[in-house]
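Chains as they are written, first to last, in the working numbering: chain A, 1 to 203; chain B, 1001 to 1203.
Built from N, CA and C at the ideal position, the CB exists for glycine as well.
Given the structure is predicted, the values throughout are model-derived calculations rather than measurements.
A quick write-up on the structure given underneath.
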């Protein structure tokens, strides 16, 4: 990277005026379209219609953008999990809170969660994100184990498999949820909670 | 690509002896690890420990490998759908057959289905594969609509949303199913059918 800007024009390098968060959001969409590894800083600059310097004004490397996006997704999911775990009530109530919280995060941060779900662990940043993702599954499995002990969830399948399937059902939202066409997060969460607990059969 | 092999050594260029199917299978794993767009023919040759000529012996382009893998996944899923649609019995029985058939294909062709599920439609080949995938969802939605009319599936949610969630639950298998550790396809399908119809709650 070379830059000829003097320090007085520094603040304007980010034209057309993207702040860091907007820059990261836009880059994540490009990552999702082409795959993270296939996306170069040059491609990001081209697709965003700004100079590479404008990107380097906010971040040092492509991986720093990845890390910001993954942290955004994981911080949101972990906060939702924490809140659910601290919800008063039965394990079933807590599981319902996990589903509702995760749906909320997916709807609000669909691009960064999509990026998270497509990672393969090819670098330390990716491996750490995958470890945090696995830890969320383990925490949901604990709640499911507690619900099995309380008799509200069937014990015919292991908590771990159930946790993976529950997250699998929720995560499929990133592939088809359309903020402009689908029901809102709250209503979507209610549908998912009902289906995950009661299934699709006519009761 | 340049080659100095005479026509008499042509048959040996595929060393260490990969046939076309094995070559495609190995390339798909590299695509899944790095993303299709990020994978070059040179990377494929390096990761497979063979020459680029050995790859070009079987395929003309990287896209031809993608197309073979996607056809394998989609042909399998479409055959499973067709068989399910022709199953005698209620719409519920046919939906159960779709789930069992899809699980079977996912377990048998996990890498190529994984590749299919991560596509973004960035080329004609990809767009066509996505259209075939959407058509499978539409066909499952039809069966679900029929089951709703027959009273076996709840009509509180649209057939299309239910079809997406059912495939979402099944598709999550590609992320965690391990042929050497998980239950076999038949048992896994039975668990999924039970959970999708009856949910996780203790009956």
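So with Cβ pairs under 7 Å, would you call residue 1165(B) a contact of chain A?
Translated into the one-based positions of the second chain, residue 1165(B) becomes position 165. Interface annotation, residue 1165(B): in contact with chain A, CB-CB separation under 7 Å.
Tell me the start and end of each unbroken alpha helix (DSSP H) in the stretch 1051 to 1126 of chain B that is at least 4 residues and wholly inside, in chain order.
The qualifying runs are 1052 to 1056, 1062 to 1085, 1091 to 1108 and 1110 to 1117.
Would you mind sorting residue 1189(B) into buried or exposed? The rule is 16 or more other CB atoms within 10 Å of its CB.
Counted from its first residue, the second chain places residue 1189(B) at position 189. Buried, since its Cβ has 16 or more Cβ neighbours within 10 Å.
If you measure beta-carbon to beta-carbon, which residues of the stretch 1037 to 1053 of chain B are closer than 9 Å to chain A?
The residues in question are 1037, 1038 and 1039.
Tell me the rounded alpha-carbon separation between residue 140(A) and residue 95(A).
By 1-based counting over the first chain, the position of residue 140(A) is 140. By 1-based counting over the first chain, the position of residue 95(A) is 95. Between residue 140(A) and residue 95(A), the C-alpha separation is close to 7 Å.
Suppose the cutoff is 8 Å on Cβ atoms and the five residues either side in sequence are ignored; what does the same chain contact list for residue 37(A) look like?
Residue numbering aside, residue 37(A) sits at position 37 when the first chain is read from its first letter. Cβ contact annotation for residue 37(A) (same chain, cutoff 8 Å, sequence separation greater than five): 122, in chain order.
Pairs of beta-carbons, one from the stretch 114 to 133 of chain A and one from the stretch 80 to 93 of chain A, closer than 8 Å: are there three or more?
No, they do not touch.
Same chain, Cβ closer than 7 Å to residue 187(A), neighbours up to 5 away in sequence not counted
Along the first chain, one-based indexing puts residue 187(A) at 187. Excluding sequence positions up to five before and after residue 187(A), its CB lies less than 7 Å from no other CB in the same chain.
Cα separation between residue 163(A) and residue 1126(B)?
Against the first chain, residue 163(A) aligns to sequence position 163. Against the second chain, residue 1126(B) aligns to sequence position 126. If you draw a straight line from the Cα of residue 163(A) to the Cα of residue 1126(B), it comes to about 31 Å.
Which stretch, first to last residue, makes up the alpha helix (DSSP H) that contains residue 1046(B)?
If you number the second chain from 1, residue 1046(B) lands on position 46. Here the alpha helix (DSSP H) through residue 1046(B) covers 1041 to 1048.
Buried or exposed for residue 138(A), going by 16 or more other Cβ atoms inside 10 Å?
Within the first chain, numbered from 1, the residue matching residue 138(A) stands at position 138. Residue 138(A) is exposed by the Cβ-count criterion.
Tell me the DSSP secondary structure of residue 160(A) in three-state form.
As a working mapping, residue 160(A) is identified with position 160 in the first chain. Reduced to three states, the DSSP call for residue 160(A) is helix.
I'd like to know whether the C-beta of residue 1066(B) is nearer than 7 Å to at least one C-beta of chain A.
The sequence position of residue 1066(B) within the second chain is 66, counting from 1. So, not an interface residue.
Residues bridged to residue 153(A) (per DSSP)
Position 153 of the first chain holds residue 153(A). In the DSSP output, where bridge partners are listed per residue, residue 153(A) has 1201(B).
Using a Cβ-Cβ cutoff of less than 6 Å, which residues in the same chain neighbour residue 184(A) once the five nearest sequence positions on both sides are dropped?
In the first chain, residue 184(A) corresponds to position 184, counting from 1. Taken in chain order, the list of residues that qualify is empty.
Can you say whether residue 1133(B) is buried or exposed, counting buried as having 16 or more other CB atoms within 10 angstroms of its CB?
Residue numbering aside, residue 1133(B) sits at position 133 when the second chain is read from its first letter. Classification of residue 1133(B): buried, given that the 10 Å Cβ count is 16 or more.
Please list, in chain order, the chain B residues whose beta carbon lies closer than 8 Å to that of residue 152(A).
Here the question's residue 152(A) lines up with position 152 in the first chain. The contacting residues are 1201 and 1202.
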